[in-house]
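1 is the number of the first residue of the sequence shown in full-length UniProt numbering; add one for each residue after it.
By construction, the Cβ of each residue, glycine as well, lies at the ideal position given by its N, Cα and C atoms.
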Amino acid sequence: MSFLDASPTRQNPIQNEVFTYKPPWPLYALSSSKNQGSFLISSMLEQSTNYIQHLSFNNTTNTIQLQSTANHLYPPTKIMWSPPTIQDQLFATSSDCLRLWRFEDGQMIVRAQLAPHYDNKEYNGPLTSFDWCVHDPGTLGTASIDKTCTIWDLNKQVVRKQILAHNNEVNDIAFSHDSNIFVTASTDCSVRKFDLRSLDQCSIIYENPRQTAVVRVCWNKCDPNYLAVLNMDASSVIIIDIRNQLYPYNEIKGYSGGINSMCWAPNGYCICIAGEDCHVLIKDTGKPLQGQKDNVLIYNASAKVLGVTWSSFDEIAMVLSESLQYIKL
1 MSFLDASPTR QNPIQNEVFT YKPPWPLYAL SSSKNQGSFL ISSMLEQSTN
51 YIQHLSFNNT TNTIQLQSTA NHLYPPTKIM WSPPTIQDQL FATSSDCLRL
101 WRFEDGQMIV RAQLAPHYDN KEYNGPLTSF DWCVHDPGTL GTASIDKTCT
151 IWDLNKQVVR KQILAHNNEV NDIAFSHDSN IFVTASTDCS VRKFDLRSLD
201 QCSIIYENPR QTAVVRVCWN KCDPNYLAVL NMDASSVIII DIRNQLYPYN
251 EIKGYSGGIN SMCWAPNGYC ICIAGEDCHV LIKDTGKPLQ GQKDNVLIYN
301 ASAKVLGVTW SSFDEIAMVL SESLQYIKL
């Protein structure tokens, strides 16, 4: 049964196939490959040595299987597969610096460690997030608690641009369909839009009226006009139409607890949200500021959901504190 045929929120969730994998440590970050059933996960341990794992779903046994494990210095704040346009299978992680990884004989090997060199030690903080530009896979941008964003040329492994992006920590960064355009989210309560061709200026496209930090920002994958914004401890997601920034295009409500994660559908205008109340919801954002009752509850997890990914139309993966759960819709 497709989630598009499901009942409204707070009725029984759809009966989907759910598969679980439990690592030997608490989880935090997750990335799903465009190749169905391939995952990267990372640990959240209060020690310098942490771990990442590569997992794959076996369609014969219907189990999630461990492929390899690697040590990681500090807990990764994000882990992400390379864009599908890259021929080699690569991925990246962020923590004290940006690390690029490759696979060699089935094992995960660090290909490069990238960190900008600062003359001023004030601008040398750990990384909070990053985004790999899908439409120009040689470009990757990082966000840092030191208020800066760094745009990397991965082919040359050098800094392409570096900016003081906000007045406070930068919590997230996301590239548009135009590889020159990116947005950032910050603890200074704003979302800003930058153009690599003219970094001497930027546009503030959203300011949180509640004056709390903006923690996540995410472009719609098929329409560059729409942007999802998540504020700290919020129980709703703001949808912005960047052609009309004065008012939110939509506010996705219907969640009883704080939202921890959001992701757009691989195509179309549906968005998936998950968080503290253990519910995983899908919402059609196509109608501006209307129809808040048409959320679809696709899953009720056993614990709060820390992260969610939607890599193909009929599969969603999520991380709880102690497990990865893979849902076939």
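Indicate whether residue i and residue j have their beta-carbon atoms separated by less than 8 Å.
i	j	result
Ser203	Pro266	no
Ile252	Ile240	no
Val214	Asn208	yes
Glu315	Tyr299	no
Trp310	Cys263	yes
His166	Ser144	no
Val296	Leu306	no
Ser235	Gly268	no
Gln53	Leu66	yes
Ser261	Tyr21	no
Val229	Leu27	no
Gln89	Phe103	yes
Asn317	Phe91	As written in the sequence, residue 317 is Ala, which differs from the Asn given in the question. No; because the gap between Cβ atoms is not below 8 Å, this pair is not in contact.
Ile259	Val237	yes
Helix, strand or coil for residue i, going by three-state DSSP, please let me know.
i	result
Gly257	coil
Gly268	coil
Val237	strand
Glu169	coil
Ala303	coil
Asp195	strand
Gln67	strand
Leu90	strand
Lys34	coil
residue 386	What is shown of the chain runs 1 to 329, which leaves residue 386 out entirely.
Gly275	strand
Val134	coil
His54	strand
Ile79	strand
His177	coil
Lys328	strand
Leu45	coil
Gln211	coil
Please classify residue i as buried or exposed, where buried requires at least 16 neighbouring CB atoms within 10 angstroms.
i	result
His117	exposed
Ser321	exposed
Cys222	exposed
Thr49	exposed
Gly286	exposed
Val18	exposed
residue 331	With the chain covering only 1 through 329, there is no way to say anything about residue 331.
Arg210	exposed
Thr148	buried
Leu246	exposed
Ser31	buried
Asp129	The question names Asp, but residue 129 is Ser in the sequence shown. Under this definition Ser129 is a buried residue.
Ser43	buried
Pro76	buried
Ala274	buried
Arg99	buried
Considering only residues of the same chain and omitting the five flanking positions on each side of residue i, which have a CB-CB separation below 6 Å?
i	result
Ile151	Gly141, Arg160 and Lys161
Gly291	Because the pLDDT at Gly291 is just 44, under 50, the model does not fix this residue reliably, and the point stays unresolved.
Ile163	Cys149 and Leu199
Asp131	Gly141, Ile173, Ala174 and Phe175
Asn220	Tyr226 and Trp264
Ala70	Ile52 and Met108
With a threshold of 8 Å on Cβ separation, who are the neighbours of residue i within its own chain once the five nearest residues in sequence on each side are excluded?
i	result
Asn155	Gly138
Asn59	Gly37
Asp153	Gly138, Thr139, Val159 and Arg160
By Cβ distance, which residues of its chain are closer than 7 Å to residue i, with the 5 residues on each side in sequence left out?
i	result
Cys133	Thr139, Leu140, Phe175 and Ser179
Leu196	Ile151, Lys161 and Asn180
Asn62	Phe19
Ile86	Pro137
Asn16	Ile298, Tyr299, Ile327, Lys328 and Leu329
His177	His135 and Pro224
Less than 7 Å between the CB of residue i and some heavy atom of the ligand COA, yes or no?
i	result
Gln87	Within the structure as shown, the ligand COA is missing, as the structure has no ligands at all.
Are at least three pairs of beta-carbons, each pair with one atom in the region 102-111 and one in the region 124-131, less than 8 Å apart? With a cut-off of 8 Å on Cβ pairs, the region 102-111 is not in contact with the region 124-131, counting fewer than three such pairs.
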